[in-house]
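One structure is given here, and the rest of the page talks about it.
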Amino acid sequence: MKKIFLLSVAMMASAIALPAQAALKVFACEPEWAALSKELGGDNVDVYAATTALQDVHKIQPRPSLIAKYRQADLVVCTGAELEIGWLPPLAEKGNNPKVNPGTPGYFEASRFISMMEVPSRLDRSEGDVHPYGNPHVQTAPDSIAAVAKGLSDKLAEVDAAHAADYKARYQQFNTKWTAAMQKWAAKGKPLNGVAVVSSHKGWSYMYRWLGMQEVATLEPKPGIPPSAAHLEEVLSGLKLKPAKMVVFAAYQDRRPADWLADHASIPAIELPFSVGGVAGTDDLFGLFDVTLDRLLAALQGKK
Amino acid sequence: MLKPTLLALGAAAMLSAPAYATDSANNTGNAPATNQDLEQIRQEMQQLKQSYEQRLQNLEQRLQAAEAAAQQPTAAPAPAPAPVAAAQNGNAFNPKISLIMNGTYAHYSSSAPAVVPGYLLGDETGFTSAGMSLGETELAIEANVDDKFHGWAALSVAPEGGIGVEEAYINTLSLPAGFAVKMGRFFSDIGYQNHQHAHAWEFVDAPLVYRTMLGNQLGDDGVQVRWIAPTDLFLELGTELTRGDSFPAGGDNRNNIKAWTAFAHLGGDVGDGGSWRVGLSNLHGNADNRPDGADTVTNFTGRTNLTILDTVYKWAPQGNPEVTNFVAQAEFFYRSESGALVYDPASSSANSSTYNGKQRGFYIQGVYQFMPRWRTGLRYDWLSASNALDNPAAGTSLENMADNRGNPQRYSAMVDFSNSEFSRFRLQYSLDKSRPNQATDNQIFLQYIFSLGSHPAHQF
Chain A
7 MKKIFLLSVA MMASAIALPA QAALKVFACE PEWAALSKEL GGDNVDVYAA
57 TTALQDVHKI QPRPSLIAKY RQADLVVCTG AELEIGWLPP LAEKGNNPKV
107 NPGTPGYFEA SRFISMMEVP SRLDRSEGDV HPYGNPHVQT APDSIAAVAK
157 GLSDKLAEVD AAHAADYKAR YQQFNTKWTA AMQKWAAKGK PLNGVAVVSS
207 HKGWSYMYRW LGMQEVATLE PKPGIPPSAA HLEEVLSGLK LKPAKMVVFA
257 AYQDRRPADW LADHASIPAI ELPFSVGGVA GTDDLFGLFD VTLDRLLAAL
307 QGKK
Chain B
4 MLKPTLLALG AAAMLSAPAY ATDSANNTGN APATNQDLEQ IRQEMQQLKQ
54 SYEQRLQNLE QRLQAAEAAA QQPTAAPAPA PAPVAAAQNG NAFNPKISLI
104 MNGTYAHYSS SAPAVVPGYL LGDETGFTSA GMSLGETELA IEANVDDKFH
154 GWAALSVAPE GGIGVEEAYI NTLSLPAGFA VKMGRFFSDI GYQNHQHAHA
204 WEFVDAPLVY RTMLGNQLGD DGVQVRWIAP TDLFLELGTE LTRGDSFPAG
254 GDNRNNIKAW TAFAHLGGDV GDGGSWRVGL SNLHGNADNR PDGADTVTNF
304 TGRTNLTILD TVYKWAPQGN PEVTNFVAQA EFFYRSESGA LVYDPASSSA
354 NSSTYNGKQR GFYIQGVYQF MPRWRTGLRY DWLSASNALD NPAAGTSLEN
404 MADNRGNPQR YSAMVDFSNS EFSRFRLQYS LDKSRPNQAT DNQIFLQYIF
454 SLGSHPAHQF
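Those protein sequences? They're chains A and B, same order as listed. Here this note's numbering is used: the first residue of the first sequence is 7, the next is one more, and so on. Here this note's numbering is used: the first residue of the second sequence is 4, the next is one more, and so on.
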């Protein structure tokens, strides 16, 4: 035991002796916030994305590699609103990093900058995996990104005051580009206004609000409960009364229920990236919305 | 006071002007009202009406303005709205509470006593009751104490009544340099499965190595110090100093530190889909007339030293466990004990013996989710003992302890269904050969596990 203790003391000492002038270590819970941190931080930040767009952020294992990264982080950037409730608390408990624990200045919650949709008036697990603070999938609309960018830029300047001017300048740059892109997307997305759609999970409420689309059904009977055959039949018969133009699913989701509905209702099923890196061409936030709009518009033309 | 009165009067007047006229005609007295009086009243009423219409319009405008403002998405930090009831009832700071219920139906083809040759078993390590039975109901309560401490308690309520404290600890939140301290009663971090509560186990029962060498699970009162290296490869070192009240330590005289552990964990990822952890741990314990869990007690006095090598590998396509995923885990135990055993110490014919034991064992298991909500798993258990006793008195537990023949083994297969992460049904079959002479016992279990309340997040 003594040996282990001595070893640990020695390693701790070597850790402290490391040069302190390294880049700010950002632990991003989701790939969209990793991308935004890179946009706003540039070379001043070293960003780690804890999850990919091919993973379901509701269900992440608090695995050893995440604990090791959490332990070293200077700033944790998450969606919040209890999206990460299944894995962030265990990381905080095991990660031994007081700098970034929830509630401290090193912890940033994107959802704080969004006026949340679908805040449930009734909290009951019979309603499925409901989020008491509202729908947490805020990254599906570009106006959310704009709102979070301001907050995140301020946060970066706060925790890394030495580079505050850099962060301000980068934010101005990003904001100009983003505002122009939003205008472009708004014009491009006009044909989608009023279009009825079926979603696999209630993952795009913010996008539907932004584009004026209407969600007529979801493949999950309740949030977080996988689609059952009986429920799919129900959705199919519901489409006879309220027809939809397409069924959308996220890159991380099982495509079979969406394909089944697409076949039976003769509408296209489209895979949306959901976050940065979900499908080809979505390496940054601009690509994410370019590809999302392209795919929605293609589906509107009846293409699969 | 005047305004409400006027308002009421005005409202009444507007609603029923003729009645008002009649009333005032009656009330104003003995003489019938003149045309002039009526005209005056009409004018006053007209003024009242206009005045209140104006006010109503103002109110409507203010309401519309307020609604419009509320619909504007605000860029300023807007605190996420808390559930309304919580904020107003003064219970916003209530801890997170979860209740876990489980029940089992068990069938055994053998009714022989559940003893294992070469091993003394701790309390409550027998088989689940045959037939239908309620398991222990677990109530877990958790909250941050303040900015520096976090508290967790898990109470188990036995089906026959009585509350046990499984865990009750405080852990630090703000120690620097990757250190954390935990104090109270807690499940030890030795091995892999040891820290998991029974409802998170992949099978109905604990592996044989846990059942025989740790009394199913090691939990004790004490202090734990843990340190995590600031490296991308996960490296965790820790030690626990405990009272030594828990099997395989225990018994009289618990002064000082009667058991301690040390553990090291390494872990990382393999590609996008895989993650692994390897651990090496050690437990030193001191026993002083420690009773076992049998009806006729055998006491152990001496030292026990257990080393565990554990490994776990989890895999899911692209790290997305939604549709399919796989978990493999294996643990190897090596224990050496030396001291003295006394069979039936309360009786006049107590038998005692010196005891030097070396025991080895392992289990290996894999659980595969083959479609959403459905998983299946296989497990193999193996034990051996090499014990030396100078008085293996026939017909006593000492004879069983000196029985080094053969290897107790078990094969288990299970399938489970989870409607959500809060509910699970499991069917398990075990071919058990853990009794003396490797007598066969066919075991069938049906189990349900439900959890209510706050999301009980599990560690890796």
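Ideal Cβ positions, reconstructed from N, Cα and C, are used throughout, including at glycine.
Under DSSP, F33/A takes part in a beta bridge, and its partners are Y54/A and V82/A.
Less than 9 Å separates the beta-carbon of A257/A from that of P279/A.
With respect to S454/B, S136/B sits apart: the two C-beta atoms are not nearer than 9 Å.
Close partners of K65/A in chain B (Cβ separation under 9 Å): N323, P324, E325 and E424. Fully enclosed beta strand (DSSP E) runs of no fewer than 3 residues occupy 202–205 and 220–224 of the stretch 179–235 of chain A, in order along the chain. Nearest Cα to H169/A within the set Q307/A, V51/A and K251/A: V51/A. Judged by DSSP in its simplified three-state form, Q199/B adopts coil rather than helix or strand. E334/B sits in a strand when the DSSP states are folded into three classes.
Using a CB distance cut-off of 9 Å, E99/A counts as an interface residue toward chain B.
When 9 Å is used as the limit between beta carbons, L178/B is near these residues of chain A: N102 and P104, in chain order. Judged by their CB atoms, Q431/B and V207/B are nearer to each other than the 9 Å cut-off. The beta carbons of T379/B and A319/B sit no closer together than 9 Å. A59/A counts as buried, since no fewer than 16 other beta carbons sit within 10 angstroms of its beta carbon. For L267/A, the enclosing alpha helix (DSSP H) has its first and last residue at R262 to A271. When DSSP reads this structure, W230/B sits in a beta bridge with F182/B and L240/B. For L299/A, the closest of K105/A, M219/A, D265/A and A29/A by C-alpha to C-alpha distance is M219/A. Here I273/A is near V204/A, since their CB atoms are less than 9 Å apart.
In the structure shown, the three-state DSSP call for Q259/A is coil.
As DSSP reads the structure, G222/B sits in a beta bridge with F190/B. The Cβ of S71/A sits closer than 9 Å to at least one Cβ of chain B.
Not flagged as an interface residue toward chain B: L225/A, since no C-beta distance is shorter than 9 Å. Scanning chain B for C-beta atoms nearer than 7 Å to the C-beta of I231/A yields S423, reported in chain order. For E99/A, no beta strand (DSSP E) encloses it; the enclosing alpha helix (DSSP H) starts and ends at L94 to G101.
Beta-bridge pairing by DSSP links T301/B to Y346/B. Counting of Cβ neighbours within 10 angstroms places M216/B among the buried residues, the total reaching 16 or more. By DSSP's assignment, Y177/A forms no beta bridge with any residue.
In this structure, H202/B sits away from Q446/B, with a CB-CB distance that is not shorter than 9 Å. Non-local C-beta neighbours of W385/B in its own chain, meaning closer than 7 Å and more than five positions away in sequence, comprise G364, F365, N410 and Q412, ordered along the chain. For S284/B, the enclosing beta strand (DSSP E) begins and ends at G277 to P294. Sequence-distant partners of W377/B (beyond 5 residues in either direction) whose C-beta falls short of 6 Å from its own C-beta, in its chain, are F420.
Judged by their CB atoms, D260/A and P375/B are nearer to each other than the 9 Å cut-off. Listed along chain B, the residues sitting closer than 9 Å to Q61/A by beta-carbon distance are D275, A319, Q321, G322, N323, P324 and E325. Residue-level contact check: F336/B does not touch chain A, since none of the beta carbons of chain A fall below 9 Å from its beta carbon.
The distance from the Cβ of A202/A to that of V222/A is about 5 Å, consistent with a contact at the 8 Å cut-off. Within 7 Å of the CB of T146/A, no CB atom of chain B is found; the nearest one sits about 14 Å away. Spatial neighbours of V282/A in its own chain (CB-CB distance under 8 Å, excluding positions within 5 residues in sequence) are listed in chain order as P37, E38, A40, A41, A59, T288, D289, D290, L291, G293 and L294.
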